[in-house]
C-alpha cells in the first residue's frame, strides 16, 4: 500500500495506481471488509475526481458501505415482504432509529430490537452490555423514555463437550454466564426493567451465539424527535461519553465471518458505561421537554460517521464537522479513528445556537460533557476538518447511500417425512422434557434482571403464587400513571423449525407472537424483527433469508400488524457452519384496561380447563422429537384465518372476565403448557385427552401444532365461555398432581413437587 | 387527619433510578415533593434544612463500583455532613433510604445508629448469600410501630431487587439493635414463620429487612415500598384482591404526623 502523509495523522492513499491485488491488500490492511467489486468502484470514483483519497475518506466510505450500515444484501427483500404493511396506528415506520406507534391520543410508544451477536461471541460480558446500551439509545433518540428491555439469547447447549469446540470458540456455558451478567449489570444499573426475553439452546449456535436486545419507550406525541435534520445552520452537539479507540471497525467486524482469530478483534467491541448512560438519559429527556432538540441520533454502529451521514442525508442537508472538537478518551487518535469510533454513551443533537446555554445548564447538573462539533449546511458535499485542514470532501450521497445487491438465492425443497417412534414411557419422557434446557425454568436468569424498577411492570415475566412462579407468555407494562391502558411485550423465535422450513417457521413465529400476546389479554399491535442469518453470499443462506421474510411478511400482512423497526444480522458463520435461520420477533400488544389481564398460573380448585385450537400430527421441530432423536420434517402448519378467529374469541372472553388463566401451547406441547400452569398456581390438574380424537397419545401430549391455548375458565361460566370461544373441555384444576389420561388409559400422574424439582434443575448445574 | 403538607426531597446522583416511583408515591398524598440532585446542594441551589423528609431512593448510585452506596455517601458527607447531622438530630425530621438508600445510610453511619450517629460504618449490607442479584417478592412482618410503620399491617409483601442486601454487623451491635428494638421489618415465610432462603432473600442476620436508628427518625429498608404502592404492582393481583399495594402503608405512615 502506498501512502503519503498529508498532515500529522492524515494520509493520502494511492488507489489510482493500485492493481486489483493491491486494492484487496488495502481493504485487508485497513480493515475495511470491502469486496473487490466495491474497491474497484471506489477507485473509479476517485479517478473521476482526478485525485487520491485520504485515509479518512476511505474509512468513511467503507463504513457507509458495510452490510451493517447499508443493509446492502437485505434491502430488496425487506422492501418486498416486510416493509409497507398498512396500519392506522403506525406513525414512523422503518425510517428512523426506532419505530413509533400510537398508544393513545397523546402518546406513542417507540421500540426496536437489534442484534449484538459478533461482539458478544468474542467478549460476552461487554458485548451483551453494549447491546443493551445501544438499543436504549435508539429509543432515547426518538425523545422517548425507555421503560422496558427484552433480550432473546441463543447458545449451544451448556453441556456441549469441550473437545468438540473449534479453536478460538468459547464454551456456551462461559458465554451464557457472561452474557447474562452483561445484561444484568447494564440493564439494572441504568434503571430500565428487563421484562421479557428467551434463552434458547441449539447446537447450531456453537460458533455464533446470538444476543438480541430490544427496548421500548413512551413519548408524548408532540415530543417525538426525528433522526434527521432538514435545516442548514443548526449546530451539531455531541453529548455524553468521550470518543476512544474502543469499537473501531465494529460494523466492519459485524459484517464478516468469525474465525479463529476473532479474539484479536476485541478492539472492535465497545465498552459500555451504564453510569454515564443513566444521567445521559436524564439530560436528553430534560432537554427534549424544553423543546430545544431539532434532530437527534445516537452514536452506535458506525460511530460519528454514520450518524452525521444518515442524519443529514435523510433530511436533505449536509454538514461540516471539526474532528478536533470531539472530546477524546486518549490523546493521539487519528482523525479517521475519531470518525469511525463506536465508543458508547454518545448522542448527537442538532440545535439552534440560542439554545446552547440551556443545554449546558442541564449537562452541568448531571455532570455530562457536551461539545459543539460542527454544523449543518446546504449543498452536496460533506466536509471534515482537522485543526483547520480539510481531510474529507465527498458527496454525502456517495458515502451514505451505500450500495445495494440483489443476491442470488436458492430455496431448499423440503421432503415431507415423519418417523414413528415406539410409544414412550409417558412419565419419564414428560419429566425429561420438563427438565430439558429449552423448557426448564429460566428463573436463574430472569431474577438477575430487575424487572420491577420504574414500578410499571403489572404483569411480570414470572407469574403465579409468590415463590412458586412459572413462565408467563408476555409481560405487561402500564406506561402512564393515570391510564389503565397497558402494553404487552413478548419475544419469539423458532430456529428448530427454521432449519427445516424457514417459510413455515416464520409463519409459526408470527402465530406464536400473537398467541403470547393474546394469552395475557392484549391485542397484537406491532412487530419489530431481528433477522439473524448466516452468510448471505451463499445462495442457500440467502434462500433461507428470502423464505423467512416471505413468511413473516405474509402472516403479518394478513393480520394487519406492521413491522415498524428491525435489524438484519448476516455473516453468523464460522468454520464453514451457518446458524439455523433465526427470525426473532419483538411483538407488542395493547390491552385497553390492564385490570382484564390474564396470567398463566392456574387459580382455583374445581375450575374447568379448555383446549383451544386443533392438535395435529406435526412433530417436525418439536422438543419431543429432538429429545428422543426421531426425525420429522412435518412442521406445524399455520392457518391464519383460524389464528385471527381464535384470538378475537379469546380476547372477547377475557373482556367478560370468564378466563382465569391462559397459556399458549408451544415447546413441549400441551403437557408442558399444563405443567407450567400447575407450577405457577402451585395446584394440580386432571386432564383427559379423549376429546382430541383419534391420535397417538404422545402426539396429543407433545405436538407443537400452531394456534393453540389452554384456558382455565371460571366455574359456572362454562356456558358463557363456550358461546364465545371454540374450544374443548379437557380437564379440571384439582389436587396436587398433574394426572393425564387418554379416555380410560392413564398416561402419567406426577406430584407438583417432583415436577418443580425437575423443572428447576434443568439449568442448575450450568449456571452461576 | 393529616399533618401539614411536608416538604420532601428525593435525593439523586447519577445511577439513582427509583426516583420516579418514589416521587409519585409522595405526590399521590399531595405532598410537596421534589427531586434534589446532590450537585444542586453542592452549588448551594438547594439546602437540606428546607425539607422535612429526605428520601434516598434505590438504584446503583455512581454504579456502586466501589461498594454499594459508598460513593453517594462520600459525596453527601463532603457536601453537607454538618447539615445532615443537624437534620438527624431534629426529631421532627425524617430520613428514609430504600435499597441503595439503605446502603448509603449505613455507609454514612446514620444506621444502625445504636448511639445516634457514628463516624464510621458500624454495619454492612453484604453480597447476598446466593452471590447474585435477585429480583423477587418477599414477605415482611412488622416488628414495631414507628413513624415509618404505624399504618402498616402485620404481614406485607414487597419486592427486593439487589445484589448486596445481607445485613451484617458485630454480635454486640446486633444485640444492641435488638435490645433497642430497632428492627422495623423482618423477612418471614408466607405464613409469617421463620424465613429460610428465598424468603430471607440475602441471608440477613436475624432476618433483618428494615431498621430505624435509636432516635427513631432514620429508616433503611431493603425491599422497595415504592414499587408496591398500587395493588396492580403486586405479582399475584390476578389471584388476590387488594385495595392498595402494601408499600402504600409505609408512605401513609410517613405522612401521618404524630
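Protein chains in written order, with the working numbering: chain A, 1 to 768; chain B, 1001 to 1258.
Where a beta carbon is used, it is the ideal one built from N, C-alpha and C, also for glycine.
#### Entry: Counterpart residues of residue 282 (chain A) in DSSP-defined beta bridges
Taking the first residue of the first chain as position 1, residue 282 (chain A) is located at position 282. According to DSSP, residue 282 (chain A) bridges with nothing at all.
### Message
Less than 8 Å between the C-beta atoms of residue 419 (chain A) and residue 630 (chain A), yes or no?
### Response
For the purposes of this step, residue 419 (chain A) is identified with residue 419 of the first chain, where counting begins at 1. For the purposes of this step, residue 630 (chain A) is identified with residue 630 of the first chain, where counting begins at 1. In this structure, residue 419 (chain A) lies near residue 630 (chain A), with their beta-carbon atoms less than 8 Å apart.
### Query
Looking at the C-beta of residue 1169 (chain B), does it have a partner C-beta in chain A at a distance below 8 Å?
Here residue 1169 (chain B) corresponds to residue number 169 of the second chain, with the count starting at 1. No - not a single Cβ of chain A is within 8 Å of the one on residue 1169 (chain B).
### Task
Kindly indicate if chain A contains any beta-carbon less than 8 Å away from that of residue 1103 (chain B).
Residue mapping note: residue 1103 (chain B) aligns to position 103 of the second chain, counting from 1. For residue 1103 (chain B), the answer is no, since every Cβ of chain A falls outside 8 Å of its Cβ.
### Task
Drop a sphere of 10 angstroms on the beta-carbon of residue 681 (chain A), count the other beta-carbons inside from all chains shown, and report buried for 16 or more, exposed for fewer.
The count along the first chain starts at 1 and reaches residue 681 (chain A) at position 681. If you draw a 10 Å sphere on the C-beta of residue 681 (chain A), you find 16 or more other C-beta atoms in it, and that means buried.
### Message
Please give the ranges of any alpha helix (DSSP H) in the segment 421-449 of chain A, keeping only runs that are unbroken, at least 4 residues long and fully inside the region.
### Response
Counting whole runs of 4 or more residues, the segment 421-449 of chain A contains the alpha helix (DSSP H) stretches 426-434, 443-446.
### Query
Buried or exposed: where does residue 68 (chain A) fall if 16 or more other Cβ atoms within 10 Å of its Cβ makes it buried?
The residue given as residue 68 (chain A) occupies position 68 in the first chain. With 16 or more other Cβ atoms within 10 Å, it is buried.
### Alpha carbon of residue 378 (chain A) to alpha carbon of residue 320 (chain A), nearest angstrom
Start at 1 with the first residue of the first chain, and residue 378 (chain A) comes out as number 378. Start at 1 with the first residue of the first chain, and residue 320 (chain A) comes out as number 320. Approximately 10 Å between the Cα atoms of the pair.
### Task
May I have the straight-line CA-CA distance separating residue 468 (chain A) from residue 763 (chain A), to the nearest angstrom?
Numbered from 1 along the first chain, position 468 holds the residue referred to as residue 468 (chain A). Numbered from 1 along the first chain, position 763 holds the residue referred to as residue 763 (chain A). Computed Cα separation, rounded: 17 Å.
### Message
Which same chain residues end up closer than 6 Å to residue 370 (chain A) when comparing Cβ atoms and leaving out the 5 residues on each side of it in sequence?
### Response
Translated into the one-based positions of the first chain, residue 370 (chain A) becomes position 370. Excluding positions up to five away in sequence, the list reads 237, 239, 363.
#### Entry: Whole-Å CB distance - residue 146 (chain A) paired with residue 192 (chain A), under 8 Å assumed
Translated into the one-based positions of the first chain, residue 146 (chain A) becomes position 146. Translated into the one-based positions of the first chain, residue 192 (chain A) becomes position 192. So it is a contact: roughly 5 Å between Cβ atoms.
### Task
Determine the extent of the alpha helix (DSSP H) in which residue 75 (chain A) is found, giving its start and end residues.
Numbered from its first residue, the first chain carries residue 75 (chain A) at position 75. Segment 75-81, the alpha helix (DSSP H) holding residue 75 (chain A).
### Query
Going by the beta-carbon positions, is the gap between residue 335 (chain A) and residue 56 (chain A) smaller than 8 Å?
Working through the first chain from its first residue, we reach residue 335 (chain A) at position 335. Working through the first chain from its first residue, we reach residue 56 (chain A) at position 56. Contact flag set, yes.
### Query
Going along the chain, which unbroken runs of the alpha helix (DSSP H) with 4 or more residues stay wholly within the segment 1037-1121 of chain B?
1038-1042, 1070-1089, 1100-1108
### Query
What in chain A is Cβ-close to residue 954 (chain B), meaning under 7 Å?
The question about residue 954 (chain B) has no answer, for chain B in this structure spans 1001 to 1258.
### Query
Who are the Cβ neighbours of residue 1073 (chain B) in its own chain at under 7 Å, not counting the five residues just before and after it?
As a working note, residue 1073 (chain B) is residue 73 in the second chain. Counting only Cβ-Cβ distances below 7 Å, and skipping sequence neighbours, we find 1104, 1107, 1108.
### Query
Which two residues bound the contiguous beta strand (DSSP E) that contains residue 983 (chain B)?
Outside the modelled stretch of chain B, which goes from 1001 to 1258, sits residue 983 (chain B), for which no answer is possible.
### Message
Quick check: what's the CA-CA separation for residue 1164 (chain B) versus residue 1125 (chain B)?
### Response
Residue numbering aside, residue 1164 (chain B) sits at position 164 when the second chain is read from its first letter. Residue numbering aside, residue 1125 (chain B) sits at position 125 when the second chain is read from its first letter. Approximately 6 Å, taken between the alpha carbons.
### Closest Cα partner of residue 830 (chain A) within the set A:392, A:374, A:245, A:98
In the structure as shown, chain A starts at 1 and stops at 768, and residue 830 (chain A) therefore has no counterpart that could be examined.
### Query
alpha helix (DSSP H) containing residue 303 (chain A): first to last residue?
Within the first chain, numbered from 1, the residue matching residue 303 (chain A) stands at position 303. Counting along the chain, the alpha helix (DSSP H) containing residue 303 (chain A) begins and ends at 303-315.
#### Entry: Test item: CB-CB of residue 769 (chain A) and residue 528 (chain A) under 8 Å
Absent from the model: residue 769 (chain A). The displayed extent of chain A is 1 to 768, so no value can be given.
### Message
Quick test of your reading: residue 642 (chain A) and residue 707 (chain A), contact by CB under 8 Å. State the CB separation rounded to the nearest angstrom.
### Response
Here residue 642 (chain A) corresponds to residue number 642 of the first chain, with the count starting at 1. Here residue 707 (chain A) corresponds to residue number 707 of the first chain, with the count starting at 1. Contact holds; Cβ gap of about 5 Å.
### Query
So residue 625 (chain A) is in the alpha helix (DSSP H); what residue range does that whole segment cover?
The residue labelled residue 625 (chain A) in the question sits at position 625 within the first chain. It spans 623-628 - the alpha helix (DSSP H) in which residue 625 (chain A) sits, taken as one unbroken run.
### Query
Counting only runs that start and end within the segment 316-354 of chain A, where is the alpha helix (DSSP H) found for 4 or more residues in a row?
With a minimum length of 4 residues, the continuous alpha helix (DSSP H) runs that stay inside the segment 316-354 of chain A are 335-340.
### Query
Applying a beta-carbon distance threshold of less than 8 Å, which residues of chain A neighbour residue 1236 (chain B)?
Here residue 1236 (chain B) refers to the residue found at position 236 of the second chain. Under the 8 Å cutoff, chain A gives 464, 465, 466.
### Message
Please report whether the beta-carbon of residue 1099 (chain B) lies at a distance below 8 Å from any beta-carbon of chain A.
### Response
Counted from its first residue, the second chain places residue 1099 (chain B) at position 99. Contact with chain A is absent for residue 1099 (chain B), since none of that chain's Cβ atoms lies less than 8 Å from the residue's Cβ.
### Neighbourhood of residue 1262 (chain B) by C-beta, 7 Å cutoff - its chain only, sequence neighbours within 5 removed
The first residue shown for chain B is 1001 and the last is 1258, placing residue 1262 (chain B) beyond what the model contains.
### Query
Under 8 Å Cβ-Cβ, which residues of chain B neighbour residue 246 (chain A)?
For this step, residue 246 (chain A) is matched to residue 246 along the first chain. In chain order: nothing, as chain B lies at least about 18 Å away.
#### Entry: Cβ pair count under 8 Å reaching 3, the segment 665-672 of chain A against the segment 448-462 of chain A
no
### Message
Distance cutoff 8 Å, beta carbons only. Does residue 366 (chain A) sit that close to anything in chain B?
### Response
Position 366 of the first chain, counting from 1, holds the residue named residue 366 (chain A). Yes - at least one Cβ of chain B is within 8 Å of the one on residue 366 (chain A).
### Query
Which residues does DSSP pair with residue 591 (chain A) in a beta bridge?
Stepping through the first chain from its first residue, residue 591 (chain A) is reached at position 591. Residue 591 (chain A) pairs with A:486.
### Query
Can you name the start and end residues of the alpha helix (DSSP H) that residue 376 (chain A) belongs to?
What you label residue 376 (chain A) is simply residue 376 of the first chain in a count that begins at 1. Element bounds for residue 376 (chain A): not the alpha helix (DSSP H) but the beta strand (DSSP E), 370-377.
### Query
residue 544 (chain A) to residue 495 (chain A), Cα distance in whole Å?
In the first chain, counting from the first residue as 1, residue 544 (chain A) sits at position 544. In the first chain, counting from the first residue as 1, residue 495 (chain A) sits at position 495. Each residue's alpha carbon lies about 11 Å from the other.
### Query
Are residue 1055 (chain B) and residue 1010 (chain B) touching if we call contact CB-CB under 8 Å?
Counted from its first residue, the second chain places residue 1055 (chain B) at position 55. Counted from its first residue, the second chain places residue 1010 (chain B) at position 10. Contact: yes.
### Message
Can you pull the chain C neighbours of residue 442 (chain A), defined as C-beta to C-beta under 7 Å?
### Response
Going by chain labels, chain C is absent from the structure shown, which instead holds the protein chains A and B.
### Message
On the CB-based measure, 16 or more other CB atoms within 10 Å of its CB, does residue 332 (chain A) come out buried or exposed?
### Response
The sequence position of residue 332 (chain A) within the first chain is 332, counting from 1. Under this definition residue 332 (chain A) is an exposed residue.
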